[in-house]
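Participant: Before we start, here is the structure in question, set down as structure tokens.
There are 2 protein chains.
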Amino acid sequence: MIVIDYHDKRPIYEQIIDRFQLLILNGALEPDSQLPSVRALAVDLSINANTIQRAYSELERRGLIYSIKGRGNFVSAQKDVVKEQQDKLLEELRQQLVICKESGIEFIKVLDCVRETFQEVNL
Amino acid sequence: MIVIDYHDKRPIYEQIIDRFQLLILNGALEPDSQLPSVRALAVDLSINANTIQRAYSELERRGLIYSIKGRGNFVSAQKDVVKEQQDKLLEELRQQLVICKESGIEFIKVLDCVRETFQEVNL
DNA sequence: TAAGTGTACTAATACAATTAATACACTTAA
DNA sequence: TTAAGTGTATTAATTGTATTAGTACACTTA
């Protein structure tokens, strides 16, 4: 479910955050379903439990999960938080688009890139 | 010409790299034109000259500038390096697009984002 | 009650970013 | 020739962040 890429320069907790966020946003993890415990996942990934805890804290801060002491962490059931995080991703995309535009990359090239990624031909 | 954003989490040398790369890619800095000296820019930005040096070294490694001992740093005159760096930016865009797609963001929303950024209506 | 859970805290280590101070080689203009 | 300005290289020190490690406490469930 979760894989750490040690060639990735980003911190481990950030990789975990992004991975879980992805699984929640696309619906792979259903609302109210339980996440692995901080200790269990720590053992599974051979890392420290504090690192998992840090990732879970951030996910909770974003409203993507909620935690119950003594029971565990669970996927949030609120739909608006999903939309909110998707909007943040779109904002990051927008920033990258601005960089591309300001770097003199032609509009058609960007459009091709989008088409290829989404494999949409009916445009 | 160059501005440092201390609210930006990225290292200073990286901000300088990106800023100069942008100016070179979009043609604001013409081939063979001279860049500020490492010392002069350091004083101007109130940072250490080594930080400028580090940024210039990376820009030279990318082939975007060339340096002459005792004279200064100059914008590269080779067109293919511009294309090469633009392709790298497109690859970063592609990765962000994949994240958006895998996060369940609809194709039309991404397309709207592209349209708005490039302000193209004839689609 | 025991085991499993989240949470909080501190200490220690490792690494990266940055500053600082030099020193050296080269170019240009007075 | 000399002085000023340029790039380059090196080392040391400081700072901040990521991560590990260990511990303790509160809560839930069987």
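Chains as they are written, first to last, in numbering that gives the first Met the number 0: chain A, 0 to 122; chain B, 0 to 122.
Note that the Cβ used here is the ideal one computed from N, Cα and C, for glycine as well.
Taking C112(A) and L88(B) to be in contact with their CB atoms under 8 Å, please state how far apart those CB atoms are, rounded to whole angstroms.
Facilitator: Incorrect: roughly 10 Å between the Cβ atoms, too far for contact.
Participant: Pick helix, strand or coil for Y65(A), following the three-state DSSP scheme.
Facilitator: Of the three classes helix, strand and coil, the one that applies to Y65(A) here is strand, per DSSP.
Participant: What does the alpha-carbon distance come out to for the pair D31(B) and I16(B)?
Facilitator: Going from the Cα of D31(B) to the Cα of I16(B) covers about 18 Å.
Participant: Can a CB atom of chain A be found closer than 7 Å to the CB of G103(B)?
Facilitator: Yes - at least one Cβ of chain A is within 7 Å of the one on G103(B).
Participant: Under 7 Å, do F73(A) and Q20(A) count as touching if we go by C-beta distance?
Facilitator: No, the pair does not count as a contact, with Cβ atoms beyond the cut-off.
Participant: Measure from the alpha carbon of Q85(A) to the alpha carbon of each residue in R61(B), K108(B), R93(B), then state which is nearest.
Facilitator: Among R61(B), K108(B), R93(B), the Cα nearest to that of Q85(A) belongs to K108(B).
Participant: Which two residues bound the contiguous alpha helix (DSSP H) that contains V74(A)?
Facilitator: From DSSP, V74(A) is part of no alpha helix (DSSP H) but of the beta strand (DSSP E) over 71-74.
Participant: Do you know how far the Cα of V37(B) is from the Cα of Q52(B)?
Facilitator: Using only the alpha carbons, I get a separation of about 6 Å.
Participant: Quickly, what does DSSP pair Q52(A) with across the bridge? List them, please.
Facilitator: Paired residues: none, contrary to the question.
Participant: Mind checking A39(A): buried by the 16 CB within 10 Å criterion, or exposed?
Facilitator: Classification of A39(A): exposed, given that the 10 Å Cβ count is below 16.
Participant: Which residues mark the beginning and the end of the alpha helix (DSSP H) in which R93(B) is found?
Facilitator: Run containing R93(B): 78-101, per the alpha helix (DSSP H) assignment.
Participant: Out of A41(A), E115(A), L22(A), V80(A), state which residue places its alpha-carbon closest to the alpha-carbon of S102(B).
Facilitator: The shortest Cα separation from S102(B) among A41(A), E115(A), L22(A), V80(A) belongs to L22(A).
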